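Numbering (my numbering), first residue to last: 30 to 373. Virtual Cβ for every residue (Gly too), placed ideally from N, Cα, C. Note that this is a predicted model, so its numbers are computed, not measured.
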């Protein structure tokens, strides 16, 4: 069967099948010794819809492979199926090149409900939580402070040690109460900060922010260590037990003794019940036993009330902010307050 020119697709130098066509030109395997596989691709002289199916010859050594035109696009619909867009059957001679057979990519079905995550799943390792402070309540070891040998110590939770009207003059707040520890123990910086917040909140609501002065008297310098261990399943196979059990710093605490003042609050004499109640509320933030003591001294000074009043009148004491300055009769007479006041 021979195919003629016109509206049908024919080869440039011979028929597609048979030994020849009506023009007498050699066909498949005749005359020139070449087959139609070595010839140029077929051309189309008619409309695309009138052309037959695309001819893709196959050859073992150097096959012709049709490179898809820009209209042939791989698409993935919502159901996850891989589809190829329709392409026109007829192409120009430049659309066929010698290239290896392309392999179609494999697409995973896409879901419209949630996105596909390509990230590598992380392996979670469970570690032990924060240890309760009853493990560090008592002073069992020597003081262990932060130094160039002990690095990586977490910051103390308490940063403010003076709260309230800390610049109030010494004569304004004569009353003072102390929270005294009655045990030899360690107090964490978290407990000190919690106590300070509780006292400050109660006094702010009752006395006012300008009617008191809180001073925390202990500082957390002792470093607390912990040998962190795994608490997940099969931890006994992963952990090394008590080998290299010297722990890493996890916090700081204050070492206190019996009778040591933890904090002091000064205010006016009319604010005495509110100050005592505020300290009582802050006492619950500490472990062990504490006592609330009313001081006989004037404010944060070391002088009793009667002696303070006498020395202030005589000029031996002078106000210096929230404390007093003592004139000890040393130095030049021109700089002596007692001499200038006529006391000497």
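Check, Outcome
"Going by DSSP, what residues sit across from residue 204 in a beta bridge?", "296"
"Count the other CB atoms within 10 Å of the CB of residue 361; is the residue buried (16 or more) or exposed (fewer)?", "exposed"
"Would a C-beta distance cut-off of 8 Å place residue 229 and residue 216 closer than the cut-off?", "no"
"Exposed or buried, which one is residue 224 when buried takes at least 16 other CB atoms within 10 Å?", "buried"
"Cutting at 6 Å between CB atoms, please list the residues of its own chain near residue 172, excluding the five before and the five after it.", "251"
"Is it the case that the stretch 203-223 contacts the stretch 298-318, given that we only count it when at least three CB pairs across the two stretches are under 8 Å?", "yes"
"If you run the structure through DSSP and keep just helix, strand and coil, what is residue 251?", "strand"
"Given 7 Å as the limit, tell me if residue 178 has its C-beta closer than that to any heavy atom belonging to the ligand ZN.", "Summarising the ligand content, the structure contains no ligands, and the ligand ZN is consequently not present."
"How long is the line joining the alpha carbons of residue 363 and residue 370, rounded to whole angstroms?", "11 Å"
"Consult DSSP for residue 303 and reduce its assignment to one of helix, strand or coil.", "helix"
"So does the stretch 193-206 actually touch the stretch 321-328, counting three or more Cβ pairs closer than 8 Å?", "yes"
"Tell me whether residue 241 sits in a helix, a strand or coil according to DSSP, three-state version.", "strand"
"Answer with buried or exposed for residue 285, where buried requires no fewer than 16 other C-beta atoms within 10 angstroms of its C-beta.", "buried"
"Of the choices 280, 345, 353, whose alpha-carbon is the least far from that of residue 187?", "280"
"For residue 317, write down the residues that DSSP places opposite it in a beta bridge.", "Paired residue(s): none; residue 317 is not in a bridge."
"Which of the three DSSP states, helix, strand or coil, is assigned to residue 65?", "Residue placement at residue 65 is poorly supported in this model, since its pLDDT is 48, which falls under 50; the coordinates are not used for a value here."
"Tell me, please, whether the stretch 159-174 touches the stretch 246-260 by the rule of three or more beta-carbon pairs shorter than 8 Å.", "yes"
"Can you give me the C-alpha to C-alpha distance between residue 278 and residue 259, rounded to a whole angstrom?", "17 Å"
"Check each candidate in 183, 232, 192, 184 and name the one with the smallest Cα separation from residue 303.", "232"
"Quick check on the burial criterion: 16 or more other C-beta atoms within 10 angstroms. Buried or exposed for residue 234?", "exposed"
"Using DSSP's beta-bridge definition, name the partner residues of residue 284.", "215"
"For residue 202 versus residue 297, is the C-beta spacing smaller than 8 Å?", "yes"
"For residue 152 and residue 263, I'd like the C-alpha separation in whole angstroms.", "Only weak support is given to the placement of residue 152: the predicted model assigns it a pLDDT of 49, under 50, and the value that follows is read from those uncertain coordinates. Straight-line Cα distance between these residues: approximately 15 Å."
"In chain order, what residues of the same chain lie with their CB nearer than 7 Å to the CB of residue 305, ignoring the 5 residues before and after it?", "206, 321"
"In this structure, how does DSSP classify residue 182 when only helix, strand and coil are distinguished?", "coil"
"With C-beta atoms as the reference, is residue 300 less than 8 Å away from residue 337?", "no"
"Comparing C-alpha positions only, which one of 212, 185, 192 sits nearest to residue 166?", "212"
"Could you give the residue range of the beta strand (DSSP E) that holds residue 355?", "352-355"
"Measuring CB to CB, does residue 185 end up less than 8 Å from residue 246?", "no"
"Please report how far the alpha carbon of residue 356 lies from the alpha carbon of residue 194, in whole angstroms.", "26 Å"
"Considering only DSSP beta bridges, list what residue 164 is partnered with.", "None, per the DSSP bridge assignment."
"Per DSSP, which one or two residues make a beta bridge with residue 369?", "Residue 369 is not bridged to any residue."
"Could you please give the first and the last residue of the uninterrupted beta strand (DSSP E) stretch that includes residue 346?", "346-349"
"Within this structure, are the beta carbons of residue 295 and residue 329 separated by less than 8 Å?", "yes"
"Could you tell me which of 180, 170, 196 sits nearest to residue 352, measuring between CA atoms?", "196"
"Leaving out five residues on either side along the sequence, give the residues of the same chain with a beta carbon under 8 Å from the beta carbon of residue 288.", "209, 210, 211"
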